Amino acid sequence: MSLSSSLVRVLAVSHVHPAVAGESPPPPHAVELTFLDSFHVSKAPIQRLFFFDGDDLPPFESIVCSLQSSLAATLAVFFPLAGKLAYLPDSGDVVIDHSPEAVSHGVKFVEAEYDGAADDMRRLAADEEHDAVAFVRLVPELDVSRLPAPLLAVQVTRPRDGGGAVAVGVAIHHGVADGQSVWQFIKAWGHGPCRPRFSSATVRHGEEAEEANLLPQRRRDPISEASNNRGSQSRRLAGDGDNRVSTYIAVTSLAWTSIVRAKSGAAADDDIYFMVSADFRRRLRPPADEGYFGNCIGIAIARSTAGEICQLAGAAAAIRMAIREEVEVEEAVAGVDRWRERRAAISKGRLTEAGSSHRYMAYETDFRWGPPSRVELVTVYGDQLVTLLGVGGGGVQGD
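Numbers -21 to -1, 1 to 378, taken from mature numbering (1 follows the signal peptide of the UniProt record, and there is no 0), label the letters of the sequence shown in order.
The following block contains the structure:
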């Protein structure tokens, strides 16, 4: 039986509260959103799925108990995530409300079972195909369509025969977290809490940002290098060797080229585009500290023609130029007001997007029973989306 054709049955729904010793955090009980957060308030939540399997897995009841207790401890540090995204009519602001009343509901924790064996779940984790139908059933629903809206939910699913495999699904409201923040939370949940920083003062815009210019970087691109075949691919794309490209550009240019080649109907002189998502934390002046929690992602859009992108060197050159001209500059945030406009102006089917990063070492996630056998982004944010994750040995997982 395939998991796609199996039904998932909810066994229990509970709510996890922060394990706060003594009184709750003092007022104010609201975190204002930044202008970068506002781009994502209406988007679908970020849904991540982790598969674990093996004979050494604890019993399902022990897994649930362990996850709930460690989640409670983590929420004590990531306290606002136990609250809600809410509208304040007096000020007209949308904020993270972590008042005692908002937190009293807790974080939804779903225990589920699907009508199939552990072998079905193992096959799904090992399958090269992205089984979107099956994956959606293994992550929790998070209703972000109206305010107040929850910020976090968890689902743990076992096979019908009870052991040998388990899936852990996590959903986080995109209005309060980008990919970096999601992995910050997941790492803290698995390895022990490290205190985040929820503060809108870190990211400023307009007149408030006069002294918060982006710090130019000397790095070749915003993504660190870590790939098994980095050297040969970089030499192939660089040509004369004077402009070696990073792993990020090598992988994304290959993906862009493959997508363009696979599509039919595009003339050689048709304009096509590739959107890069870049982490701006270290580019702010002063830089945001590593504990900053929220959205701090900017974009760069590469433009070329279908004919030029059929060659890897052409794709790499276009992506590298976009990063240099729109990210590695003094005033990269200055164009933020046009991001939506620029993206909307691109015809459907002409834009490929890159999401996530191979800096995110997802396979180092450890809830005390070993690393996951597979990690996936379940949420679909575009028809032509390339997502990256780091894997062991310096490799890159691309979907």
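A virtual CB, placed ideally from N, CA and C, is assigned to each residue, including glycine.
No experiment lies behind these values; they were computed from the predicted model shown.
Among the candidates the options, whose CA atom is the shortest distance from the CA of residue i?
| i | options | result |
| --- | --- | --- |
| Ala324 | His19, Arg264, Leu36, Ile280 | Ile280 |
| Val354 | Leu367, Gly361, Trp348, Tyr360 | Leu367 |
| Phe18 | His(-7), Ser283, Arg317, Asp249 | Arg317 |
| Leu263 | Met254, Asp250, Phe253, Gly277 | Gly277 |
| Ala91 | Leu103, Ala146, Ala61 | Ala146 |
| Leu23 | Phe114, Ile42, Val357 | The amino acid at residue 23 is misidentified as Leu; the sequence shows Ala. The option with the nearest alpha carbon to Ala23 is Val357. |
| Tyr66 | Pro129, Leu15, Asp34, Ser41 | Pro129 |
| Leu(-11) | Arg101, Pro37, Gly141 | Gly141 |
| His8 | Ile75, Leu54, Ser335 | Ile75 |
| Ala(-3) | Asp69, Glu11, Val82 | Val82 |
| Ser70 | Ser283, Phe177, Tyr271, Glu11 | Glu11 |
| Val115 | Phe164, Gln26, Ala267 | Gln26 |
| Gly314 | Gly270, His170, Leu15 | Leu15 |
| Thr226 | Ala267, Asp34, Ile298 | Ile298 |
| Glu80 | Pro6, Gly169, Asp98, Ile302 | Pro6 |
| Trp168 | Val123, Ser45, Arg101 | Ser45 |
| Gly95 | Gly369, Gly372, Ala113 | Ala113 |
| Gly372 | Val359, Val365, Gly33, Met340 | Met340 |
| Ile251 | Thr284, Ala267, Thr53 | Thr284 |
Name the DSSP beta bridge partners of residue i, please?
| i | result |
| --- | --- |
| Leu367 | Ser335, Gly377 |
| Gly253 | The question names Gly, yet the displayed sequence has Phe at residue 253. In the DSSP output, where bridge partners are listed per residue, Phe253 has Ala281, Thr331. |
| Tyr342 | Tyr342 pairs with nothing; no bridge assigned. |
| Ile276 | Asp258 |
| Glu287 | Glu287 pairs with nothing; no bridge assigned. |
| Arg353 | Phe30 |
| Ser237 | DSSP output for Ser237 lists no bridge partner at all. |
| Ser(-8) | Phe88 |
| Tyr227 | BP columns for Tyr227 are empty, so no partner. |
| Val(-14) | Tyr93 |
| Tyr271 | Arg176 |
Drop a sphere of 10 angstroms on the beta-carbon of residue i, count the other beta-carbons inside from all chains shown, and report buried for 16 or more, exposed for fewer.
| i | result |
| --- | --- |
| Ser49 | buried |
| Pro138 | buried |
| Leu126 | exposed |
| Val(-9) | exposed |
| Val375 | buried |
| Asp72 | exposed |
| Cys275 | buried |
| Ala105 | exposed |
| Arg347 | exposed |
| Lys327 | exposed |
| Val(-14) | buried |
| Gln290 | exposed |
| Leu121 | buried |
| Arg240 | exposed |
| Pro38 | exposed |
| Gly62 | buried |
| Gly361 | exposed |
| Pro68 | exposed |
Determine, for residue i, whether the minimum Cβ-Cβ distance to residues of chain D falls below 8 Å.
| i | result |
| --- | --- |
| Tyr339 | Of the chains in the structure shown, none is chain D; there is only one protein chain. |
Sorted by chain position, which residues of the same chain lie with C-beta nearer than 6 Å to residue i's C-beta, five sequence neighbours on each side aside?
| i | result |
| --- | --- |
| Ser203 | Note that Ser203 has pLDDT 30, beneath the 50 cutoff, so the model's placement of it is unreliable and no number is given. |
| Ala294 | Ser232, Trp235, Thr236, Ile288 |
| Val(-6) | Gln47, Leu50, Ala51, Gly85, Val86, Phe88 |
| Gly286 | Ala247 |
| Phe177 | Val10, Pro59, Phe272 |
| Val123 | Pro24, His152 |
Excluding five sequence neighbours on each side, which residues of the same chain lie with their C-beta closer than 7 Å to the C-beta of residue i?
| i | result |
| --- | --- |
| Pro119 | Lys87, Val89, Ala132, Val133, Gln134, Gly148, Ala150 |
| Pro351 | Phe29, Phe30, Phe31, Tyr342, Thr344 |
| Leu64 | Val73, Ile75, Leu126, Pro127, Ala128, Leu130, His152, Gly154, Val155 |
| Asp258 | Gln159, Pro201, Cys275, Ile276 |
| Asn208 | Because the pLDDT of Asn208 is 40, which lies under 50, any placement of that residue in the model is unreliable, and the number read from its coordinates should be weighed accordingly. Closer than 7 Å at the Cβ level, and outside the excluded window around Asn208, lies no residue. |
| Pro195 | With a pLDDT of only 32 at Pro195, under 50, the local geometry of the prediction cannot be trusted, and the value read off the model is given with reservation. Result list for Pro195: Glu307, Val308, Glu309, in chain order. |
| Glu187 | Low confidence applies here, because Glu187 scores a pLDDT of 47, under 50, leaving its location unreliable; read the following figure in that light. Cβ within range, chain order: n/a, list empty. |
For residue i, which residues from the same chain have a beta carbon less than 8 Å from its beta carbon, with the 5 sequence-adjacent residues on both sides left out?
| i | result |
| --- | --- |
| Met254 | Ile278, Ala279, Ile280, Ala281, Arg322, Leu330, Thr331, Glu332, Ala333 |
| Gln363 | Ile238, Gly328, Leu330, Thr331, Glu332 |
Starting from the N-terminal side, write out each stretch of the beta strand (DSSP E) that is 3 residues or longer and does not extend beyond the region 7 to 93.
Taken in chain order, the unbroken stretches of beta strand (DSSP E) that lie wholly in the region 7 to 93 and span 3 residues or more are 9 to 11, 25 to 32, 63 to 67, 72 to 76, 86 to 93.
Can you list the alpha helix (DSSP H) stretches of 4 or more residues lying completely in the region 106 to 188, in chain order?
111 to 116, 158 to 170
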